[in-house]
Amino acid sequence: MNIKKMRMQLIATAASVLISGIALTSATYAWYVANNTVEAVTTNISATTNGFILQIATAKQGPQHGGEQTSLVASTEGGKISPSSTNDLKTWYVNQGINGEGKVASYMQPTFITGENSKPGEYMAGGETHYAYIKSEYVLYTITETGLADVYLDASEGSPVTLTTNGTPTTDTIPKSLRVGITIQNIKKNADGTYSDDGNEELKVVYAPYEETGKGNDAEGVDGWTYIGTADDGKLKPLMVTYPYIYATHYTDQQNRNWVATKNGNDYDATSDTQKIASSVGYDGVKMRVYIWMEGTDADCINNAAAEDPATYNVNVKLAGISAE
Numbered sequence: 001m002n003i004k005k006m007r008m009q010l011i012a013t014a015a016s017v018l019i020s021g022i023a024l025t026s027a028t029y030a031w032y033v034a035n036n037t038v039e040a041v042t043t044n045i046s047a048t049t050n051g052f053i054l055q056i057a058t059a060k061q062g063p064q065h066g067g068e069q070t071s072l073v074a075s076t077e078g079g080k081i082s083p084s085s086t087n088d089l090k091t092w093y094v095n096q097g098i099n100g101e102g103k104v105a106s107y108m109q110p111t112f113i114t115g116e117n118s119k120p121g122e123y124m125a126g127g128e129t130h131y132a133y134i135k136s137e138y139v140l141y142t143i144t145e146t147g148l149a150d151v152y153l154d155a156s157e158g159s160p161v162t163l164t165t166n167g168t169p170t171t172d173t174i175p176k177s178l179r180v181g182i183t184i185q186n187i188k189k190n191a192d193g194t195y196s197d198d199g200n201e202e203l204k205v206v207y208a209p210y211e212e213t214g215k216g217n218d219a220e221g222v223d224g225w226t227y228i229g230t231a232d233d234g235k236l237k238p239l240m241v242t243y244p245y246i247y248a249t250h251y252t253d254q255q256n257r258n259w260v261a262t263k264n265g266n267d268y269d270a271t272s273d274t275q276k277i278a279s280s281v282g283y284d285g286v287k288m289r290v291y292i293w294m295e296g297t298d299a300d301c302i303n304n305a306a307a308e309d310p311a312t313y314n315v316n317v318k319l320a321g322i323s324a325e
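All residue numbers for the sequence shown refer to the UniProt record's numbering, where the first residue is 1 and numbers rise by one.
This is the structure:
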């Protein structure tokens, strides 16, 4: 990927995160099962103007301060993903069983595997390894100790989250059931120069490439944006999500809040009520996580004749950093 551009006169900087190689290979449940090997690559578009340059590095690397006002490139690896469901990126459900009509009728929380060689979202089902989600971790920071940046989703050149296809797809299951969640968490610098998480991880917004309409392949499916959770009657079933969401080119959430910055000439515009991905980002930075999953309750996440899809998919998340007032 080469998205690198330099605009020396902007009052803001732009950055992007690319998650590439998402692929669907088989369908063995009533919800699709996707076996994916992914590599996440970040790059950023930066500009030297008002005392800061917004940069991205992997969380493992931490802020990379070397004085050079150039873009940084970092990469992380994911794994296979299978359809799953969540409302907060903390509690996850996968389908457990189907009824006589082929509808998903029971669910379970997967027991995630932890360890030195495990990956986020990894669990065992049917004697095979699956992944409920892909999680990539990055640090947003400024390259100088002066100036703070507010970070927004960047819609100056189209959608802030784009999905591109490699190869010839035989199904639209992945793009139409995909969810991209963005979280922010503070970090602190330790005495030995390393960084550690500080405070709670906050889910900012979830994006879908397509508007969600209709019911999923669930026995008690309901229309719209749903997840699996515990209802008032104590049963696990599809419920309406409570997280903020945007989709396609619709950038206001269900509370009518705008989530994107745009451009006026060469300058980025963000009104006072535009929602920020991160506020007052400085030299030591903040941690940003990007979660990708196939929402099992989505109306498009169902079995059909196209059980094999040779295509792979890339997800690109674009950010804009604007000088914090």
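Glycine is no exception: its CB is placed at the ideal position from the N, C-alpha and C atoms. The structure displayed is predicted, hence computed values, not measured ones.
Exposure label - Lys235; buried when at least 16 CB within 10 Å: Numbered from its first residue, the sequence shown carries residue 235 at position 235. Classification of Lys235: exposed, given that the 10 Å Cβ count is below 16.
Give the DSSP bridge partners of Gly97, in chain order. Counting from one through the sequence shown, the residue named residue 97 turns up at place 97. Bridge partners of Gly97: Ser106.
Report the residue ranges of all beta strand (DSSP E) runs contained in full by the stretch 242-270; include only those spanning at least 3 residues, in chain order. 245-247, 260-264, 267-269
Excluding the 5 residues preceding and the 5 following Ser203 in the sequence, name in chain order all residues of the same chain whose CB lies nearer than 7 Å to its CB. Within the sequence shown, residue 203 is the residue found at index 203, counting from 1. According to the sequence as given, residue 203 is Leu; it is not Ser. Hits under 7 Å: Asp88, Leu89, Gly181, Thr183, Tyr243.
Output needed for Ser118: all residues of its chain with C-beta closer than 6 Å, excluding positions within five of it in sequence on either side, in chain order. Looking up residue 118 in the sequence shown gives position 118. Answer for Ser118: no residue qualifies.
With a cut-off of 8 Å on the beta carbons, I'd call Glu212 and Ala155 a contact; round off their distance for me. Start at 1 with the first residue of the sequence shown, and residue 212 comes out as number 212. Start at 1 with the first residue of the sequence shown, and residue 155 comes out as number 155. About 20 Å; that fails the 8 Å criterion.
Can you find the residues in the same chain that come closer than 7 Å, C-beta to C-beta, to Ser196, ignoring five residues on each side of it along the sequence? If you number the sequence shown from 1, residue 196 lands on position 196. If we look at Ser196 and ignore the five residues flanking it on each side, its Cβ neighbours are Ile187, Lys188, Asn190.
Those residues which DSSP pairs with Lys204 across a bridge: Here residue 204 corresponds to residue number 204 of the sequence shown, with the count starting at 1. Per DSSP, none; premise fails for Lys204.
Report the option in Asn99, Gly127, Val205 whose CA atom is closest to the CA atom of Met288. The count along the sequence shown starts at 1 and reaches residue 288 at position 288. Nearest C-alpha to Met288: Val205.
In the DSSP assignment, find the unbroken alpha helix (DSSP H) run with Ile174 in it and report its ends. Taking the sequence shown and counting its residues from 1, one reaches residue 174 at position 174. First-last of the alpha helix (DSSP H) with Ile174: 173-177.
Any chance you could list the alpha helix (DSSP H) runs of at least 4 consecutive residues sitting entirely within the stretch 126-194, in chain order? 173-177
Nearest to Ser106 by CA position, among Ser84, Tyr210, Ile277, is which residue? The sequence position of residue 106 within the sequence shown is 106, counting from 1. Closest option to Ser106, Cα to Cα, is Ser84.
Going by the CB atoms, is the gap between Pro209 and Leu239 shorter than 7 Å? Start at 1 with the first residue of the sequence shown, and residue 239 comes out as number 239. Start at 1 with the first residue of the sequence shown, and residue 209 comes out as number 209. For Leu239 and Pro209, no; Cβs fall outside 7 Å.
Any idea what DSSP makes of Leu319, helix, strand or coil? For the purposes of this step, residue 319 is taken as residue 319 along the sequence shown, with counting starting at 1. Leu319 falls in the strand class under three-state DSSP.
Return the first residue and the last residue of the beta strand (DSSP E) that Trp293 is part of. The residue labelled residue 293 in the question sits at position 293 within the sequence shown. From DSSP, the beta strand (DSSP E) with Trp293 extends over 286-294.
If we call anything under 7 Å between Cβ atoms a contact, is Tyr207 one with Val139? Residue mapping note: residue 207 aligns to position 207 of the sequence shown, counting from 1. Residue mapping note: residue 139 aligns to position 139 of the sequence shown, counting from 1. Cβ distance not < 7 Å, so Tyr207 and Val139 don't count as in contact.
Measuring only the C-alpha atoms, how far is Asn200 from Gly100? As a first step, residue 200 must be located in the sequence shown, where it is residue number 200. As a first step, residue 100 must be located in the sequence shown, where it is residue number 100. Rounded to the nearest angstrom, the two C-alpha atoms are 43 Å apart.
Beta-carbon separation (whole angstroms), Arg94 vs Pro110, contact threshold 8 Å: In the sequence shown, the residue the question calls residue 94 occupies position 94. In the sequence shown, the residue the question calls residue 110 occupies position 110. In the sequence under discussion, the amino acid at residue 94 is Val, which differs from the Arg named in the question. With 8 Å as the limit, Val94 and Pro110 qualify as a contact, their Cβ atoms being about 5 Å apart.
Sequence-distant residues of the same chain with beta carbon closer than 7 Å to Phe112, five excluded per side: On the sequence shown, residue 112 is found 112 positions in, with the first residue counted as 1. Closer than 7 Å at Cβ, skipping near neighbours: Gly121, Glu122, Tyr123.
Which residue wins for smallest C-alpha separation from Gly296, given the options Gln185, Ser279, Val222, Gly115? Along the sequence shown, read from residue 1 onward, the residue named residue 296 stands at position 296. Here the closest residue by C-alpha is Val222.
Helix or strand or just coil, what does DSSP make of Ala324? For the purposes of this step, residue 324 is taken as the residue at position 324 of the sequence shown. DSSP, read as helix, strand or coil, puts Ala324 in coil.
Let me know if His130 comes out buried or exposed under the rule of 16 or more other beta-carbons within 10 Å of its beta-carbon. For the purposes of this step, residue 130 is taken as the residue at position 130 of the sequence shown. His130 comes out buried.
Helix, strand or coil, according to DSSP, for Tyr313 in the structure here? In the sequence shown, residue 313 corresponds to position 313, counting from 1. In this structure, Tyr313 counts as strand in the three-state DSSP scheme.
CB contact flag (Ile134, Ile292, <7 Å): Residue 134 sits at position 134 when you count from the first residue of the sequence shown. Residue 292 sits at position 292 when you count from the first residue of the sequence shown. Cβ atoms of Ile134 and Ile292: closer than 7 Å.
Collapsed DSSP secondary structure at Trp92 in the structure displayed: Translated into the one-based positions of the sequence shown, residue 92 becomes position 92. Strand.
Let me confirm a value: Ser82 is counted as buried when at least 16 other C-beta atoms fall within 10 Å, else exposed. Which label applies? In the sequence shown, residue 82 corresponds to position 82, counting from 1. Counting Cβ neighbours within 10 Å, Ser82 comes out buried, since at least 16 surround it.
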